[in-house]
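To start, the structure itself, in structure tokens.
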């Protein structure tokens with residue numbers, strides 16, 4: 001590591017941990033006298049266990065983000081009383097309903113009640129949680145915080161969630177894909193081999209989309225301890241998995257960021273509410289970059305209601321898992337289905353003997369049953385992904401699948 005980089009890192013750690021300017025200045029002077037001998041490559045492969053959230057941010061966040069002062073408003077300090085600070089229309093909105101839920105007022109900037117409730121469910125501290133507009137806001141934000149356009153690169157593990165690529169292209173960041181194995185497992189040695197001095201983030205989806213398979217905890221530990229950059233674990237579907245969340249790894253690995261959402265198991269895709277869970281220093285940077293009032297009041301109220309009814313969620317999950325296994329068995333009994341992937345989520349990925357794309361189209365056009373064709377992705381040839389719905393919806397899907405297969409096979413034989 002160069003002397004200049006050491007000085008920058010010392011300053012950044014000071015900024016993140018609130019050290020006094022004189023202390024930071026003295027540390028910079030001391031660093032000039034003793035130049036570290038470690039190289040950038042050896043630094044990037046050092047164990048995360050001995051690092052802190054502050055040092056991770058200092059080493060990998062963009063310098064302009066580290067010095068960024070967040071947008072502040074009076075509501076950061078005062079949320080009650082006669083509020084005449086934000087130029088709101090206190091006469092209220094022009095709605096027909098008398099219950100306007102005080103929509104003339106801006107929402108809470110940092111969603112403290114939501115964080116407090118989720119912290120109890122996930123067994124983390126509120127300061128370790130960022131609340132955003134779905135997981136997609138957090139994905140884009142991590143690119144903007146840690147990746148330098150036209151310089152940085154990230155590692156993905158296709159087949160995987162498409163927004164990692166969309167946000168990378170939007171932010172002018174190179175993608176280095178390391179495909180999963182044919183059995184949809186992480187190829188850890190190959191992933192670590194792909195890391196270079198400009199690698200800033202490794203994106204991992206667990207349970208995978210479209211694979212529906214959870215990654216091994218041991219693989220995440222190996223990656224997070226070998227790569228000192230940001231390891232993002234996208235757990236959008238984790239509530240359906242028996243293995244449970246890997247949030248507890250944050251205690252050991254401050255470079256891990258866990259993404260979660262209310263769009264899947266909680267059944268609230270329409271409110272666009274998601275979370276990032278990480279070290280308090282990484283969460284602090286996300287709060288600096290976010291828009292002042294990123295989550296609206298209506299979404300916040302519905303999200304809090306859902307978190308307060310967590311027992312209902314658990315009952316619904318049991319019903320969905322039972323139905324998932326029934327549909328899986330039904331698919332496996334069909335002679336034209338080659339395989340059905342074991343699922344840790346609320347969907348099934350299955351492979352047809354042939355003509356998967358055409359059958360997908362016939363189901364949508366002729367039977368109004370919309371699934372997702374995945375045959376163009378690596379290790380997913382002739383595959384279709386289907387969401388597990390209610391029992392009657394699943395029966396309609398199975399009938400449509402049978403009908404589409406017979407229709408396509410009949411036309412092919414003519």
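Numbering (the UniProt record's numbering), first residue to last: 1 to 414. Built from N, CA and C at the ideal position, the CB exists for glycine as well.
About 30 Å separates the beta carbons of residue 241 and residue 402, which is beyond the 8 Å limit, so they are not a contact pair.
When 126, 346, 122 and 234 are compared, the shortest CA-CA separation from residue 162 is found for 234. Across the set 159, 139 and 183, the C-alpha of 139 shows the shortest separation from the C-alpha of residue 173.
If you draw a straight line from the Cα of residue 59 to the Cα of residue 317, it comes to about 40 Å. Note that the C-beta distance between residue 115 and residue 126 is below 8 Å. Taking all protein chains in view, the Cβ of residue 265 is crowded by 16 or more other Cβ atoms within 10 Å, so the residue is classified as buried. Secondary structure at residue 265: coil, using DSSP grouped into helix, strand and coil. Residue pairing by DSSP places residue 276 opposite 130 and 259 in a beta bridge.
In this structure, the straight-line span from the alpha carbon of residue 334 to that of residue 166 is close to 36 Å. Collapsing the DSSP output to three states places residue 153 in a strand.
Here the stretch 258-275 makes no contact with the stretch 76-93; the two share fewer than three CB pairs at distances below 8 Å. Annotation for residue 365: the continuous alpha helix (DSSP H) segment containing it runs 356-367. Three or more beta-carbon pairs drawn from the stretch 277-291 and the stretch 119-133 are found closer than 8 Å, and the two stretches are therefore classed as touching. Per DSSP, reduced to three states, the secondary structure at residue 120 is helical. Rounded to the nearest whole angstrom, the C-alpha separation of residue 184 and residue 383 is 14 Å.
If you draw a 10 Å sphere on the C-beta of residue 109, you find 16 or more other C-beta atoms in it, and that means buried. Residue 351 is bridged by DSSP to 339 and 383. The shortest C-alpha to C-alpha distance from residue 358 to any of 406, 349, 347 and 324 is the one to 406. A straight-line Cα-Cα distance of about 14 Å links residue 396 and residue 360. Taking a contact as a CB-CB distance under 8 Å, the pair residue 103 and residue 93 counts as one, their CB atoms being some 5 Å apart.
Across the structure, residue 285 and residue 257 are spaced so that their CA atoms are roughly 12 Å apart. Annotation: the continuous beta strand (DSSP E) that includes residue 174 extends over 174-177.
Residue nearest to residue 155 within the set 187, 175, 145 and 146 is 175 (criterion: CA-CA distance).
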